[in-house]
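Student: Counting from 3, one number per residue, gives the positions in the sequence shown under the working numbering.
Structure below; questions to follow.
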Amino acid sequence: MKPLKHVDSNMNSLISDLQKLIRQPSVSAKNEGIEECASLVKKMFIRSGIKSEILRLKKGVAPIVYGEVKSKKKNSKTLMFYNHYDVQPAEPFDLWEYPPFSGTKKGNKIFGRGATDDKGELVTRIKAVEAYLKTTCDVPCNIKFVIEGEEETGSAHIEQYLKKYKKKFACDGVIWEFGYVDSKNRPIVGLGMKGLLFVELSVKESIRDAHSSLAVLIKNPAWRLLEAVKTLRDSDGKILIKDWYAEVKPFSKKDLQIIAKEPFDEKAFKKEFGIKSFVANKKGLDAKKAMVGGATCNIAGFVSGYTGDGAKTVLPGDALVKIDFRLVPQMDPKKQIQRLKNHLKSKGFSDIGIKVYHGEAAARTDPSDPFVSQVKEAADESFGESILNISNAGTGPMYSFVDALKAPCISIGSTYMFSRIHSPNEFARVDLLKKTTKCMCLIMDKFGKA
Ligand SMILES: [Zn+2]
Numbered sequence: 003m004k005p006l007k008h009v010d011s012n013m014n015s016l017i018s019d020l021q022k023l024i025r026q027p028s029v030s031a032k033n034e035g036i037e038e039c040a041s042l043v044k045k046m047f048i049r050s051g052i053k054s055e056i057l058r059l060k061k062g063v064a065p066i067v068y069g070e071v072k073s074k075k076k077n078s079k080t081l082m083f084y085n086h087y088d089v090q091p092a093e094p095f096d097l098w099e100y101p102p103f104s105g106t107k108k109g110n111k112i113f114g115r116g117a118t119d120d121k122g123e124l125v126t127r128i129k130a131v132e133a134y135l136k137t138t139c140d141v142p143c144n145i146k147f148v149i150e151g152e153e154e155t156g157s158a159h160i161e162q163y164l165k166k167y168k169k170k171f172a173c174d175g176v177i178w179e180f181g182y183v184d185s186k187n188r189p190i191v192g193l194g195m196k197g198l199l200f201v202e203l204s205v206k207e208s209i210r211d212a213h214s215s216l217a218v219l220i221k222n223p224a225w226r227l228l229e230a231v232k233t234l235r236d237s238d239g240k241i242l243i244k245d246w247y248a249e250v251k252p253f254s255k256k257d258l259q260i261i262a263k264e265p266f267d268e269k270a271f272k273k274e275f276g277i278k279s280f281v282a283n284k285k286g287l288d289a290k291k292a293m294v295g296g297a298t299c300n301i302a303g304f305v306s307g308y309t310g311d312g313a314k315t316v317l318p319g320d321a322l323v324k325i326d327f328r329l330v331p332q333m334d335p336k337k338q339i340q341r342l343k344n345h346l347k348s349k350g351f352s353d354i355g356i357k358v359y360h361g362e363a364a365a366r367t368d369p370s371d372p373f374v375s376q377v378k379e380a381a382d383e384s385f386g387e388s389i390l391n392i393s394n395a396g397t398g399p400m401y402s403f404v405d406a407l408k409a410p411c412i413s414i415g416s417t418y419m420f421s422r423i424h425s426p427n428e429f430a431r432v433d434l435l436k437k438t439t440k441c442m443c444l445i446m447d448k449f450g451k452a
């Protein structure tokens with residue numbers, strides 16, 4: 003295939019484009035270089051033969067860089083690439099071996115903030131489309147690019163963008179912004195992401211901390227909060243809130259087959275974290291099932307009273323706990339919040355304050371959707387072998403896409419699992435960038451033919 007050969011012989015241009023993107027800082031958390039990076043991406047699109055425009059929602063919101071190529075073939079299906087041009091802050095700077103915005107290349111690695119997440123991934127998509135345009139003057143299917151600038155701060159406006167530009171963004175399949183590659187160089191073809199509900203529960207008992215001798219009379223808010231939190235979950239991890247799992251469907255036969263096939267090195271995993279056993283003593287298939295489809299109620303932090311060195315006999319005035327719930331498909335974050343509130347009330351904890359930070363539903367693409375086998379075949383061809391995964395254990399705004407566009411959504415990409423994303427010395431691997439670019443070409447080809 004001509005486009006694949008073109009990818010092979012044009013890796014230098016891919017690398018230099020990635021370096022250009024890295025050298026333009028675009029830290030959304032600090033609003034640094036966002037507009038500049040958006041126009042750089044637009045320029046790159048245009049240079050690659052992709053029609054591009056900047057889309058805006060309102061002032062103060064990072065723009066989306068939109069790109070489009072129409073196939074000459076009539077009635078072509080449309081494939082969307084969703085990526086982001088913003089990056090995490092690079093701090094602490096002194097831990098970087100090369101300056102974080104230098105894009106230094108050493109052997110097979112390109113170092114820099116965003117090298118993999120997500121500028122490396124973005125460049126593979128652009129170069130795949132370019133390879134087709136340069137060698138065939140056409141693309142096998144219609145292509146749309148939606149490149150946002152707020153992913154690293156939580157994609158606060160992606161849902162509004164998807165609503166506003168629903169028609170413009172209409173498509174038949176979405177390739178997600180990243181995809182992991184495991185330690186044996188096998189890409190993970192990911193069919194979903196879990197949802198998330200992040201809340202803060204608090205108890206305020208008195209207007210200030212008191213001498214702990216007064217614990218005979220003054221109630222301790224930490225005890226109160228502990229008692230409340232204890233009612234949320236049993237020691238095996240099962241959530242005890244009424245109807246919490248009401249809408250959840252069991253795994254299908256196909257799901258279970260995929261889960262069974264997925265490699266999971268239990269021993270190495272435990273060693274990595276220095277742990278002896280899993281929650282509820284899960285093993286084998288049950289551990290894997292939990293990773294892809296388990297809901298959680300996790301204490302992210304608990305603060306009250308004195309936790310410094312030595313002793314201090316104090317009776318705290320207030321207590322606070324931050325909790326994240328991972329949600330699985332069919333759990334509606336709004337309903338779950340109401341259930342949590344009802345639960346606390348019914349257990350006699352109406353005095354406990356609830357602050358909701360973030361609610362996001364889970365998304366999962368049906369493994370029998372033809373798009374899944376197209377992507378899987380493309381990944382197998384390009385990487386030699388790939389792994390199908392029902393759902394990532396983490397969370398991303400995939401549901402917004404699936405819900406607004408009614409299109410299957412799959413993650414596949416070049417993100418080596420130890421590429422230090424979000425940390426100092428983030429790097430991209432040139433070999434994986436090449437394989438991923440070819441994989442994107444093959445996906446377009448298979449998707450266009452189907
Ligand atoms: Zn990231």
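Idealized CB from N, CA, C, for every residue including glycine.
What you are looking at is a predicted structure, and each value in this text was computed from that prediction instead of being measured.
1. Thinking C-beta only, is Thr118 closer than 8 Å to Thr417?
2. So Val9 and Lys378 are in contact, right, with Cβ under 8 Å, and what is the actual spacing, rounded?
3. Sort Lys108, Trp178, Glu152 by Cα distance to Thr488 and report the nearest one.
4. Where does Ser402 land, buried or exposed, given buried means 16+ other C-beta within 10 angstroms?
5. If you follow the beta strand (DSSP E) that Glu150 is part of, which residue opens it and which one closes it?
6. Under 8 Å, do Ala364 and Val176 count as touching if we go by C-beta distance?
7. Rounded to whole angstroms, what is the Cα-Cα separation between Asp433 and Leu124?
8. Which same chain residues end up closer than 6 Å to Phe351 when comparing Cβ atoms and leaving out the 5 residues on each side of it in sequence?
9. For Gln340, is the beta carbon positioned less than 7 Å from some heavy atom of ligand 1?
10. What does a CB cutoff of less than 8 Å around Met419 pick up in its chain, not counting 5 residues either side in sequence?
11. Just to confirm, does Ile423 get its C-beta within under 7 Å of one of the non-hydrogen atoms of ligand 1?
12. Taking the C-alpha atoms as reference points, what is the distance between Lys285 and Ser15?
13. Under the rule that 16 or more other beta-carbon atoms within 10 Å means buried, what is Gln26, buried or exposed?
14. Do you know whose CA, among Arg115, Tyr84, Phe271, lies nearest Leu97's CA?
15. Taking all protein chains shown into account, decide if Cys139 is buried (16 or more other Cβ within 10 angstroms of its Cβ) or exposed.
16. Looking at Cys411 and Thr367, is the spacing between their C-beta atoms short of 8 Å?
17. Counting only the same chain and skipping the five closest in sequence on each side, list residues whose C-beta sits under 6 Å from that of Arg58.
18. Output needed for Lys314: all residues of its chain with C-beta closer than 7 Å, excluding positions within five of it in sequence on either side, in chain order.
19. Out of Ala380, Asn344, Gly122, Leu193, state which residue places its alpha-carbon closest to the alpha-carbon of Gly396.
20. By how many angstroms is the C-alpha of Ala158 removed from the C-alpha of Lys22?
21. Does the distance from the CB of Met333 to the CB of Glu249 come in under 8 Å?
22. Per DSSP, which residues does Asn85 bridge with? Please list them.
23. Please report the residue range of the alpha helix (DSSP H) in which Val2 lies.
Tutor: Answer, in terms of the structure:
1. The residue labelled residue 417 in the question sits at position 415 within the sequence shown. The residue labelled residue 118 in the question sits at position 116 within the sequence shown. Yes, the Cβ-Cβ distance between Thr417 and Thr118 is below 8 Å.
2. Numbered from its first residue, the sequence shown carries residue 9 at position 7. Numbered from its first residue, the sequence shown carries residue 378 at position 376. That belief does not hold up - the Cβ atoms of Val9 and Lys378 are roughly 20 Å apart, past 8 Å.
3. The shown model of the chain, from 3 to 452, leaves out residue 488, and the question about it has no answer.
4. To locate residue 402, count along the sequence shown from 1; it is residue 400. Buried is the call here.
5. Here residue 150 refers to the residue found at position 148 of the sequence shown. Taken as a continuous stretch (DSSP letters only), the beta strand (DSSP E) holding Glu150 covers 144-150.
6. Taking the first residue of the sequence shown as position 1, residue 364 is located at position 362. Taking the first residue of the sequence shown as position 1, residue 176 is located at position 174. Contact: no.
7. Position 431 of the sequence shown, counted from the first residue, corresponds to residue 433. Position 122 of the sequence shown, counted from the first residue, corresponds to residue 124. Between Asp433 and Leu124, the C-alpha separation is close to 16 Å.
8. Taking the first residue of the sequence shown as position 1, residue 351 is located at position 349. Excluding sequence neighbours, Phe351 sits near Ala230.
9. Taking the first residue of the sequence shown as position 1, residue 340 is located at position 338. No, the beta carbon of Gln340 sits no closer than 7 Å to any heavy atom of ligand 1.
10. Reading the sequence shown from its first residue, position 417 is the one you call residue 419. Cβ neighbours of Met419 beyond the five flanking positions: Tyr182, Val183, Asp184, Ser185.
11. Position 421 of the sequence shown, counted from the first residue, corresponds to residue 423. At least one heavy atom of ligand 1 is nearer than 7 Å to the Cβ of Ile423, so yes.
12. For the purposes of this step, residue 285 is taken as the residue at position 283 of the sequence shown. For the purposes of this step, residue 15 is taken as the residue at position 13 of the sequence shown. Cα to Cα, the separation comes out at about 47 Å.
13. For the purposes of this step, residue 26 is identified with residue 24 of the sequence shown, where counting begins at 1. Label assigned to Gln26: buried.
14. As a position in the sequence shown, residue 97 is number 95, starting the count at 1. Per the Cα distances, Arg115.
15. The count along the sequence shown starts at 1 and reaches residue 139 at position 137. It is exposed - the Cβ of Cys139 has fewer than 16 other Cβ atoms within 10 Å.
16. In the sequence shown, counting from the first residue as 1, residue 367 sits at position 365. In the sequence shown, counting from the first residue as 1, residue 411 sits at position 409. Yes, the Cβ-Cβ distance between Thr367 and Cys411 is below 8 Å.
17. Residue numbering aside, residue 58 sits at position 56 when the sequence shown is read from its first letter. So the list reads Pro65, once near-sequence residues are dropped.
18. Locating residue 314 in the sequence shown gives position 312, counting from the first residue. Contacts found: Tyr308.
19. Here the question's residue 396 lines up with position 394 in the sequence shown. Out of Ala380, Asn344, Gly122, Leu193, Leu193 has the C-alpha closest to the C-alpha of Gly396.
20. Locating residue 22 in the sequence shown gives position 20, counting from the first residue. Locating residue 158 in the sequence shown gives position 156, counting from the first residue. So the alpha carbons of these two residues sit roughly 27 Å apart.
21. Indexing the sequence shown from 1 puts residue 333 at position 331. Indexing the sequence shown from 1 puts residue 249 at position 247. Going by C-beta atoms, Met333 is nearer than 8 Å to Glu249.
22. Stepping through the sequence shown from its first residue, residue 85 is reached at position 83. Its beta-bridge partners are Ile149.
23. No answer is possible for residue 2: it lies beyond the span of the chain, which begins at 3 and ends at 452.
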